[in-house]
Each structure stands twice: as C-alpha cells, then as structure tokens.
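J.: Residue numbers (my numbering): 1 to 293. Got a structure for you, questions after.
In structure tokens form, the structure reads like this:
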C-alpha cells in the first residue's frame, strides 16, 4: 500500500507542474471541436430516431414503469434526450482517452522519466500499435459493460459502485501498458503487470472513483438536457484531467516497480556470477578426484 500512496503523492506534485497543466489544453480543445461538430450534425437526428423507436415499440410505457419503480418518475418527460446523452457519454470517454493516450502519455513518460528515473534504460518494449490495440479492445469491453449496466447506473447508490469499477478496469488496462511502453521490454512489462496486478487495480479503482465524477453532471434530470452543451464541455474537461492524473499515477508507480525489478535482477545476476567461479572450482576438484580413482 505504501508504494501506491507514494506514487499518488508524486503524481499530485507532477500534476501541479505547469507543463502538465498545459498538457490538458490540447486534448480538451480537440475533443470540444470534434464533439461540437458531431453534436451539431447528429444530435437532433439521433433524438428523433430514438423518439420514433420508442413510439413504434411502446417504449414510453415501459420506461415510465421503470422510472416510477426506482422513484424517478419526474424524468419520464425527458427520457429520450437522457438516453441519447448516456449513449454519447462513453463515446466522449473514448475520444478523451485516444487524445490523451496519443498526445499526453508520451509527454508524461518523458517528463517523469527525465526528472526522476534518468538511470533507467529505455528498452522500448511497447509499440504504438500495441497501445492502440490495448486501448481499443479494452474500450470495446468497457462499452459493452457500460451498456449492460446502464439501467442500474440510473440508481444513485449503484452509480458510485458501477462507475468506479468500470473506470478502474479501463484505466488499469490502458495506462499500465502506456506507462511501461518506453522503458520496459516486453518480458519486463509482463512480469510487472503480473506481480503488481492488485496494486495497479487499486490505483485503477481509485482513479475510477475520480472518473465517476463527470458522470454526476448527467444526473440533473431536465436541467441536464437544457444545459447539455455546457455539461458536455465540462465533462470532457474533467475526463481529460482525470486521464492525465491517472497517467501520472500509473507512470510513477510503474517506473518505481521497474526500478526495483531491475535492481533485484542485477543483484541475482551478481550473486550468480560470484558463485560461478566457486562452482567451476568444485567441478574441477570433483573431476580430479574422479580421475585419481
């Protein structure tokens, strides 16, 4: 637990660095441009399509019954826009994740490595395609679980359980790979991810709780629909900040774990080299004794 909290303190300190604060600007601006254009073109057609589907399949009666059952009957008048927003939310997460992963994580790795881990050799065990595959495959699983648990997430107590778990798993999968991509080779990355699996999952769960904060912006009922553009911008900005801090936390923990792993490997190798002459001498003595027999 101590290494996790030590990495947390270092991540907080790194987050306050001007370079890291400035790092959130470009992914945020790009996400706003992408989603501003997408919402301008497709939001209303999407809402109209959902409205038509609900009318044709008697969806309003079913949704009203569910909302009344969970004590949220006041949302029945805005259920279609809310569903549209909740569908768009994971896509916004993906956009922020891609922009941060592509633009921020290399800067984070260089920033942390050059300031605190200069002695660590960079072995380039990760690749851009490997990072892209890890991010994409993890998000596909995340999206499927998001959709399955979406009705449960409308119940406030479960929101604080489901969201952190999903976020924790996603950030663990994506950030741990990127944090080790430059400095660790493929074998070292596998060893560290296996040996420190639970600590990394803990960091993921704690950052997952932070990642659940933007979700609370969508629990405002009708106000969420009215102020949707502002809430979308605020949510994207919070996602970017959470992803950058998560990257810093994972980076510090993984670099320290890699440093300790290499120190242990060097110690074992030194002991083996020290023992090798003695072993050779013993084999020679055994051979001489055998010859004399």
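In this text, a Cβ means the ideal position worked out from N, Cα and C, and glycines have one as well.
If I measure Cβ to Cβ from residue 249 and keep anything under 7 Å in the same chain, skipping five residues before and after, which residues do I get?
T.: Here the set comprises 7, 8, 11, 203 and 207.
J.: Between the region 117-136 and the region 92-107, do at least 3 Cβ pairs fall closer than 8 Å?
T.: The region 117-136, when compared against the region 92-107, does touch it at the 8 Å Cβ threshold.
J.: Would you check if there are 3 or more beta carbon pairs closer than 8 Å linking the region 101-110 to the region 235-254?
T.: Flag = yes, the region 101-110 and the region 235-254 touch.
J.: Check whether the region 178-197 touches the region 116-135, counting contact only when three or more Cβ pairs, one atom from each stretch, lie closer than 8 Å.
T.: Flag = yes, the region 178-197 and the region 116-135 touch.
J.: Does the beta-carbon of residue 167 have 16 or more other beta-carbons within 10 angstroms, so that it is buried, or is it exposed?
T.: By the 10 Å Cβ count, residue 167 comes out buried.
J.: If we ignore side chains and look at the alpha-carbon of each, how far apart do residue 30 and residue 111 end up?
T.: Near 22 Å, if we compare the C-alpha coordinates of residue 111 and residue 30.
J.: With DSSP run on the structure shown, which of helix, strand or coil describes residue 36?
T.: Note: residue 36 maps to helix in three-state DSSP.
J.: Going by alpha carbons, who is nearest to residue 173 out of 87, 238, 194 and 16?
T.: Closest option to residue 173, Cα to Cα, is 194.
J.: Quick one: what does DSSP say residue 20 is sitting in, helix, strand or coil?
T.: The answer is helix: DSSP assigns residue 20 an H, G or I state.
J.: Between residue 205 and residue 141, is the Cβ-Cβ spacing less than 8 Å?
T.: Contact flag unset, no.
J.: Please state the DSSP three-state secondary structure of residue 172.
T.: Three-state result, residue 172: helix.
J.: Can you tell which of 198, 109 and 176 has its C-alpha closest to the C-alpha of residue 188?
T.: Ranking the options by Cα distance to residue 188, first place goes to 176.
J.: Taking 7 Å as the limit between beta carbons, can you name the residues of its chain near residue 34, skipping five residues before and five after?
T.: Within the same chain, residue 34 has close Cβ partners 95.
J.: Apart from the five residues on each side of it in sequence, which residues of its chain come closer than 6 Å, Cβ to Cβ, to residue 186?
T.: 125.
J.: Taking 8 Å as the threshold (C-beta atoms), are residue 28 and residue 236 in contact?
T.: Cβ atoms of residue 236 and residue 28: closer than 8 Å.
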